[in-house]
Ligand code: SF4
Ligand code: FES
């Protein structure tokens, strides 16, 4: 085995992969959230459609999209592999576990939260990404992306699903954000409190903004 | 106090284990948890039963032997103590207490509550040492060590190798232990000679032994009787990444 594969398949290396891909997904969330928040201008989706149009045709964005998808896939596959191998490290389980005495429930449930997110993502990507990239519904001018959103969120089922997705995202981030820094070795009495605060703020704010979108559209606040 | 104990009984590593209930009467609240087990064991011996096997040695919180997973927590409900320092006043009359061994693939059960923790010894022998040259010992004061580094190394060296971190971790990860052992040497001038080789070898050994990968839940730090900090795990990560990138 070369030293690169040896490192990346070690317990520390696999964690590093989770941290680096996780942080790049966090960076993506900022962009995604900023663009979608344009709908709150309530200008009939005008600004939002323009931003979406730019994202769809900018070469740099299209190249980053490939990287993003690769990062997402690696994060999912590596996460599932870690979950499986970690689970095998205690073949006989305890009869009584008092997890709440030493850790938060969401830090112990990253696999579950991640799986919920994955289910949400499949539906979400089907709703918007597949429609805008792989059909001519939007590029052909039949509908704008904003109209597509309005249609999807007219139905209460996706709204509920999206809110649950955002809630899973919030808890996933609440642990994942600061955890990524710890894994990369960034733990320092001066900076760690800052990272933790930033992480908590981010984990609440971003999913809150995202969750507000389907709700606001469903209730007709944004048209 | 009168208590009911649900204790894991297992003949040896290969046999199936199960819980057995024992009523223990007349327990003084000043007894340690181990002394309460002594009372039970004395009775079991008198009745011709086999006593519950458990590890212990110093009974003053420094050897790290007394591994018991009590009511869902290693070393029981109190923070910063080992089982031998856990006193029965932490329980109430009539309580039912579940006592299990450390459960981890890398810590096979020897008998009942006693587990084999030699995986830790093998992690240490993989690199948790400093080479000392023969000849006269040099003057200790000739090696300047910053107070903050000395303090941090000392705090890491407080690890008694009890394995509560592994027992508490949902992944049975040994990273708190390994990182404490890496840190106590990486922070001191005496540890520099083998520094890169140490991080690489100890992490590799930790993986070989079958411990899990850390997911930063912090359960280890919360349950560690010696208050070993998660900062050590971050340091181990830095040491390891630095080592694999620079070693030849
Ligand atoms: S780090 Fe703490 S819990 Fe783990 S072996 Fe050392 S003293 Fe025990
Ligand atoms: S018996 Fe030594 S620490 Fe408990």
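Protein chains in written order, with the working numbering: chain C, 1174 to 1396; chain U, 115 to 362. All residues carry an ideal CB built from backbone N, CA and C; glycine is no exception.
Residue from the options with nearest C-alpha to residue i
| i | options | result |
| --- | --- | --- |
| residue 1209(C) | 1319(C), 1344(C), 1346(C) | 1319(C) |
| residue 292(U) | 238(U), 251(U), 245(U) | 238(U) |
| residue 213(U) | 354(U), 190(U), 301(U), 270(U) | 190(U) |
| residue 1204(C) | 1391(C), 1382(C), 1371(C) | 1382(C) |
| residue 264(U) | 304(U), 290(U), 286(U), 360(U) | 304(U) |
| residue 257(U) | 240(U), 210(U), 211(U), 306(U) | 306(U) |
| residue 1376(C) | 1396(C), 1285(C), 1338(C) | 1338(C) |
| residue 144(U) | 115(U), 215(U), 248(U), 211(U) | 115(U) |
| residue 348(U) | 360(U), 329(U), 284(U) | 329(U) |
| residue 1245(C) | 1324(C), 1191(C), 1386(C) | 1191(C) |
| residue 1333(C) | 1372(C), 1216(C), 1385(C) | 1385(C) |
| residue 254(U) | 218(U), 350(U), 302(U), 209(U) | 302(U) |
| residue 1150(C) | 1356(C), 1359(C), 1350(C), 1358(C) | Residue 1150(C) lies beyond the stretch modelled for chain C, which goes from 1174 to 1396, so this question has no answer here. |
| residue 205(U) | 192(U), 217(U), 215(U), 216(U) | 192(U) |
Contact set between residue i and chain U, taken where Cβ atoms lie within less than 8 Å
| i | result |
| --- | --- |
| residue 1280(C) | 329, 330, 331, 332 |
| residue 1359(C) | 348 |
| residue 1352(C) | 329, 330 |
Beta carbon of residue i nearer than 8 Å to that of residue j
| i | j | result |
| --- | --- | --- |
| residue 228(U) | residue 147(U) | no |
| residue 340(U) | residue 296(U) | no |
| residue 132(U) | residue 1269(C) | no |
| residue 326(U) | residue 1262(C) | yes |
| residue 282(U) | residue 345(U) | no |
| residue 1335(C) | residue 183(U) | no |
| residue 290(U) | residue 335(U) | yes |
| residue 1391(C) | residue 1343(C) | no |
| residue 241(U) | residue 173(U) | no |
| residue 1348(C) | residue 1280(C) | yes |
| residue 127(U) | residue 223(U) | yes |
| residue 1300(C) | residue 1331(C) | yes |
| residue 361(U) | residue 276(U) | no |
| residue 1379(C) | residue 1206(C) | yes |
| residue 226(U) | residue 166(U) | yes |
| residue 1303(C) | residue 1311(C) | no |
| residue 333(U) | residue 1260(C) | no |
| residue 1287(C) | residue 1252(C) | yes |
| residue 269(U) | residue 353(U) | no |
| residue 1241(C) | residue 1201(C) | yes |
Within chain U, partners of residue i - CB distance below 7 Å
| i | result |
| --- | --- |
| residue 1176(C) | 358 |
| residue 1322(C) | What residue 1322(C) touches in chain U: nothing, since even the nearest Cβ is about 35 Å away. |
| residue 1147(C) | In the structure displayed, chain C extends from 1174 to 1396; residue 1147(C) sits before or after that span and is not available. |
| residue 1283(C) | 329 |
Within chain U, partners of residue i - CB distance below 9 Å
| i | result |
| --- | --- |
| residue 1376(C) | Neighbours of residue 1376(C) on chain U: none; closest Cβ ~15 Å, over 9 Å. |
| residue 1255(C) | 285, 326, 327, 329 |
| residue 1386(C) | The contacting residues do not exist; residue 1386(C) stays about 31 Å from chain U at best. |
Residue i: contacting residues in chain C (beta-carbon distance under 8 Å)
| i | result |
| --- | --- |
| residue 214(U) | 1267, 1268, 1269 |
| residue 344(U) | 1355, 1360 |
| residue 61(U) | The shown model of chain U, from 115 to 362, leaves out residue 61(U), and the question about it has no answer. |
| residue 149(U) | The premise fails here: residue 149(U) is roughly 22 Å from chain C at the closest Cβ pair, so nothing lies under 8 Å. |
Partners in chain C for residue i, counting only beta-carbon separations shorter than 9 Å
| i | result |
| --- | --- |
| residue 337(U) | 1274, 1275 |
| residue 116(U) | None at all; the shortest Cβ gap to chain C is about 20 Å. |
| residue 318(U) | 1179, 1183 |
| residue 217(U) | 1263, 1264, 1265, 1266, 1267 |
| residue 209(U) | The premise fails here: residue 209(U) is roughly 13 Å from chain C at the closest Cβ pair, so nothing lies under 9 Å. |
Reduced DSSP secondary structure (H/G/I, E/B, other) of residue i
| i | result |
| --- | --- |
| residue 210(U) | strand |
| residue 143(U) | coil |
| residue 1369(C) | helix |
| residue 262(U) | helix |
| residue 167(U) | coil |
| residue 135(U) | strand |
| residue 1264(C) | coil |
| residue 287(U) | strand |
| residue 127(U) | coil |
| residue 119(U) | strand |
| residue 191(U) | coil |
| residue 326(U) | strand |
| residue 1361(C) | coil |
| residue 1333(C) | helix |
| residue 355(U) | helix |
| residue 373(U) | There is simply no residue 373(U) to check, as chain U begins at 115 and stops at 362 in what is shown. |
| residue 243(U) | coil |
| residue 1377(C) | helix |
| residue 1270(C) | coil |
| residue 225(U) | strand |
| residue 1311(C) | coil |
| residue 184(U) | strand |
Interface residues of chain C facing residue i [CB-CB closer than 7 Å]
| i | result |
| --- | --- |
| residue 134(U) | Under the 7 Å cutoff, chain C gives no residues; its nearest Cβ is about 12 Å from residue 134(U). |
| residue 282(U) | 1275 |
| residue 183(U) | 1267 |
heavy atom of ligand 3 below 7 Å from residue i C-beta
| i | result |
| --- | --- |
| residue 328(U) | Ligands present in the displayed structure are limited to ligand 1 and ligand 2, and ligand 3 is not among them. |
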